[in-house]
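A short worksheet on the structure shown next.
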Amino acid sequence: MPQYSFHIDGLLILDGDDTLKVKIGQEDFMDWEALCPSIINFTMPRNQNFLHVFETTYNLFSAEWAALREEATKIHYEYDRAQAQLEHEDFSVQQNANIQLQELQNQMAQIYQEAPSRKCNRLRRRSNCKKRKRNWQNTQAQLAASRVLCNQTLKELRRLRNQHTATQSQLEAALEKLNEKGQQSVPDTSHITAPKVPPQKKGEIYQVGHGSRNRLYRLRRNGRRWAFAEYRNYDNQFGPKAAGLKKKYGHLKD
1283 MPQYSFHIDG LLILDGDDTL KVKIGQEDFM DWEALCPSII NFTMPRNQNF
1333 LHVFETTYNL FSAEWAALRE EATKIHYEYD RAQAQLEHED FSVQQNANIQ
1383 LQELQNQMAQ IYQEAPSRKC NRLRRRSNCK KRKRNWQNTQ AQLAASRVLC
1433 NQTLKELRRL RNQHTATQSQ LEAALEKLNE KGQQSVPDTS HITAPKVPPQ
1483 KKGEIYQVGH GSRNRLYRLR RNGRRWAFAE YRNYDNQFGP KAAGLKKKYG
1533 HLKD
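Each residue of the sequence shown is one higher than the last, beginning at 1283 in this note's numbering.
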């Protein structure tokens, strides 16, 4: 019989004719008698049902186990190891369950302790919310009053602007009338000979006469040739020639 090496991690089952078989695959079985001479290693599943079946078959087939000799010792070692590991796992599971239960109790106690403080926080937040709502309503009222006041101010500014425009128009009309009357009241003095002015410094400008119509004189060269420019003293405005002379030659002298 050929020798095979198997790493068995399966179920020991009993066939219908009380033949012990080992399930080594999904639908793959081997007879225990054919498998025994070739067993080198066997990993015992960590399953309580499997261990129970294993112990039952061990008691039923003691002679077969005796024939395994050293292999039986290995399998028994794996059995004891699996049994101890299962007990340790059960203890660990129970211990973890106790720890989780204790943590759950602590959390519940903490929740019960925090419940009053949470209620106080909720009431405080609700009060703050109401207070902010009142402040917001007051702010809206103030904004509405400010808007009304601003509209009134704008209306008053428009009224003042219209009044200013009307007043300015009236002033312009009055000035035009005054100018027209002044032009009509000024006599024609173009035929009057300008008085002679004694020679002075070259370039100086002299104002001669009083009233609304004056004459300006300036010295030309060093001789006795005189040139004058007339201007009318309306609204303190010089005529074009007199303005040019004033800008060019400096101040006026009475």
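Even glycine gets a Cβ: it sits at the ideal position worked out from N, Cα and C.
Leaving aside the five residues before and after residue i along the sequence, list all residues of the same chain whose C-beta is less than 8 Å from its C-beta, in chain order.
i: N1388; result: none
i: R1259; result: The structure shown does not extend to residue 1259, since the chain is modelled only from 1283 to 1536, so the question has no answer here.
i: P1398; result: none
i: R1406; result: none
i: Q1419; result: none
Run the CB neighbour count on residue i, radius 10 Å, all protein chains shown included, and call it buried at 16 or more, exposed below.
i: S1287; result: Confidence in S1287 is poor, its pLDDT being 43 and thus under 50, which makes the residue's placement unreliable; the coordinate value appears in the next sentence. So S1287 counts as exposed.
i: A1366; result: exposed
i: A1423; result: exposed
i: A1364; result: buried
i: T1447; result: exposed
i: N1410; result: exposed
Could you pull out every residue in the same chain whose Cβ sits closer than 7 Å to the Cβ of residue i, ignoring the five residues on either side in sequence?
i: K1415; result: none
i: R1507; result: A caution first: R1507 carries a pLDDT of 43, below 50, which makes its placement in the model too unreliable to give a value.
i: L1457; result: none
So residue i packs on residue j, CB below 8 Å; how close in whole Å?
i: Y1359; j: L1333; result: About 14 Å; that fails the 8 Å criterion.
i: Q1392; j: L1368; result: Contact doesn't hold; Cβ gap of about 36 Å is too wide.
Within the same chain, show all residues whose beta-carbon is closer than 6 Å to that of residue i, passing over the 5 residues directly before and after it, in chain order.
i: P1481; result: With a pLDDT of 49 at P1481, under the threshold of 50, the modelled position of that residue is not reliable, and the figure given next carries that caveat. Cβ neighbours of P1481 beyond the five flanking positions: none.
i: Y1394; result: none
i: K1459; result: none
Cβ contact (3+ pairs, closer than 8 Å) linking the region 1367 to 1383 and the region 1335 to 1343: no
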